[in-house]
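First comes the structure, then the notes that go with it.
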Amino acid sequence: METLTNVSLSETTQKAKETSVQEFNISKDIFETDIINDESNVLGEKQKIVESVHFSDIEDLSKEHLKDTPESPTVEDANTVISSDTSPKELKNKTDEDSNEDSDSMPDLIWPEKKSKVPTDLRSTLSSSTSQDTGFGSEDVGDTSPDEIPSKTDSLTSGSQDAVDSKLTTQTEDSEAEDSSVMDILGNGLLIKKILTAGYGIDTRPTNGDIVTLKVEGRREDGKLVDNEEITFYLNDGDVILAFDLAAALMEQGEKCELRTDAKYAYGSLGREPDIPKDSKLIYILELLHVQQAPELSSLSFEERLKIGESKRERGNYLFGRSDYTGAINSYNKAVKVLVDPELNAGLDKTSHSILVESSVKCYNNMAACQLKIDAFDAVIRSCEKVLASETNNVKALYRIGKAYGAKGEIEQAITFMRRAIKLDPESKMLNQEMLNLTRRKLKETKTEKELYQKMLGVKPTQNQPSDKKKTRNSKTFIKWTVAAGVVAAALVSVGVAFFRTS
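In our numbering, the protein residues as written are 17 to 519.
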């Protein structure tokens, strides 16, 4: 019985030792596996190495394996096998002998201390990788406790993210500041305004009709200077190129800006001789020097009104010559509003009044010419009536109103005005040609009306009337027979004369 008990105890002890060895090997394999996997990613993913090495997880995993392993026999289990006859001294001696016999085959079970949970090989790997790549310097990561590693990593990540966010914020602010100084005025990229020097505030911007003074320096894309002057004009009255009107309305007093304009908003396909070729893009440096509210018309003297009216009329003539008929009409209208004011003109002397009338007549006449170009025939008639109200024998107005009525199909009215014009200028080829065209149209209309009346009465237009083709054919037949008879007569006369001589 004693022998059986000793054998059972020995087997139990041996199983416990083998189980412990297996548990150690399992923990060691798991630990080494994580190390190998971590070492494979050290060079490529430094941040992941620090975050993936959670040594407390390894210890917990080892404990989980210990739980899954069948429990080792305890002292109580051994006591159940040992009979009550076995003395404690004999049991101790027997256990010591069995331990001595197996001491050579089983290594000592030494678990890693908590302070050295990071193996030497892994410490060296982490230390070298972080000192080379992560910027940790010569700090030994292996000497840092596992609890501190995530916190340092989080601190580094947070610090780096803050630096990146700060840099992005600065770049965004700089970009917004830069973008706020650049404006695509029309949204098509053809008129770009960039502020060089800020003005005195949005309240100092001019409004439509204000008198503004701009300092202008203009260059072509090749750098050649084309403008360098100060100009004063009424805003959005069409006194300057469209680019200036659009840009000045968005400038503050004292502001200096760079304006890049396409030819469309400058001098177009015609250019400006001799320094600006056609379709030229231009770069201007503009400075808004002064803004003044336009004075009331009633406060202007005769001379001031005449000067403003004449300048706008001349601007209209310039635009008419460039085939900008709409712009020209706008300028002529602005001029007329200044020149023609019954209340203001009532107090003028005869000479001053006649000067203003003469200037307004030119504006209306030129306006009618522009309106003819864009087929605004009703507007032409109104403009010419304004002229004829002041000058009843104005030939240009009579010709243009006659042409407008003719274009509308009112031939009788057109002929009436054209006859009046020809009486005043009978040698004019233009008037006579227009009169001839109107007369032909009148005859054609009369013939058409006659045929219409005949159809209404049931009479065919060609009934009892030989056609032109038939008349022509009969005429040709008559000529032929006449020639033939003459030839026969001449032949008979020749034969008679010959017979008379021989006889």
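Positions of the beta carbon are idealized from the N, C-alpha and C atoms, including for glycine. Keep in mind that this is a model prediction, so the values were computed, not measured.
Of the candidates Ser-347, Asn-381, Asn-224, the residue whose Cα lies closest to the Cα of Lys-328 is Ser-347. Just so you know, the alpha carbons of Cys-400 and Ile-417 end up roughly 6 Å apart. Per DSSP, reduced to three states, the secondary structure at Asn-346 is helical. Membership of Gln-387 in the alpha helix (DSSP H) is indicated by the continuous run 366-389. Note that the C-beta distance between Met-451 and Ile-438 is below 8 Å.
DSSP links Tyr-250 through a beta bridge to Ile-227. Inter-segment contact for the segment 285-293 and the segment 209-226 is absent: fewer than three beta-carbon pairs are separated by less than 8 Å.
In this chain, Tyr-334 is not harboured by any beta strand (DSSP E); it is covered by the alpha helix (DSSP H) spanning 318-337. Assignment of Tyr-283 by DSSP, reduced to helix, strand and coil, places it in the coil class. Here the alpha carbons of Val-354 and Asn-333 stand approximately 17 Å from one another. The segment 300-310 and the segment 260-273 touch, with three or more beta-carbon pairs separated by less than 8 Å. Relative to Arg-457, the option among Ser-444, Pro-442, Ser-285, Lys-419 whose CA is nearest is Lys-419. Counting along the chain, Val-396 sits inside the alpha helix (DSSP H) bounded by residues 393-406. Using a C-beta cut-off of 8 Å, the segment 363-380 makes contact with the segment 315-329, since at least three inter-stretch Cβ pairs fall below that distance. Comparing alpha-carbon positions, the option among Leu-414, Ala-392, Asp-391 lying closest to Lys-402 turns out to be Leu-414. Non-local C-beta neighbours of Gly-284 in its own chain, meaning closer than 7 Å and more than five positions away in sequence, are absent.
The Cβ atoms of Leu-335 and Asp-278 do not sit closer than 8 Å to each other.
A direct Cα-to-Cα measurement between Ile-201 and Gln-449 gives close to 49 Å. By the CB criterion at 8 Å, Ala-344 and Tyr-250 fall outside the cutoff. By DSSP's assignment, Leu-304 forms a beta bridge with Leu-230.
For Glu-359, there is no enclosing beta strand (DSSP E); the residue is part of the alpha helix (DSSP H) that begins and ends at 358-362. With a cutoff of 8 Å on beta-carbon distance, Asp-253 and Lys-412 are scored as not near each other. Look at Val-411 here: in three-state DSSP terms it is helix.
One thing to note: Leu-454 has its Cβ within 8 Å of the Cβ of Gly-422. Around the beta carbon of Asp-261, 16 or more other beta carbons lie within 10 angstroms, which makes this residue buried. Here the segment 313-325 makes contact with the segment 353-369; the two share three or more CB pairs at distances below 8 Å. The C-beta of Lys-323 has fewer than 16 other C-beta atoms within 10 Å across all chains shown, which makes the residue exposed.
Around the beta carbon of Ala-405, fewer than 16 other beta carbons sit within 10 angstroms, so the residue counts as exposed.
Sixteen is the threshold: when 16 or more other Cβ atoms of the shown chains lie within 10 Å of the Cβ of Ser-296, as they do, the residue is buried. DSSP lists Glu-233 as the bridge partner or partners of Asn-244.
Secondary structure of Glu-450 (DSSP, three-state): helix.
DSSP, read as helix, strand or coil, puts Asp-200 in strand. Between the C-alpha atoms of Asp-243 and Ser-314 there is a straight-line separation of about 35 Å. Residue nearest to Arg-235 within the set Ile-431, Leu-440, Leu-298, Ala-384 is Leu-298 (criterion: CA-CA distance).
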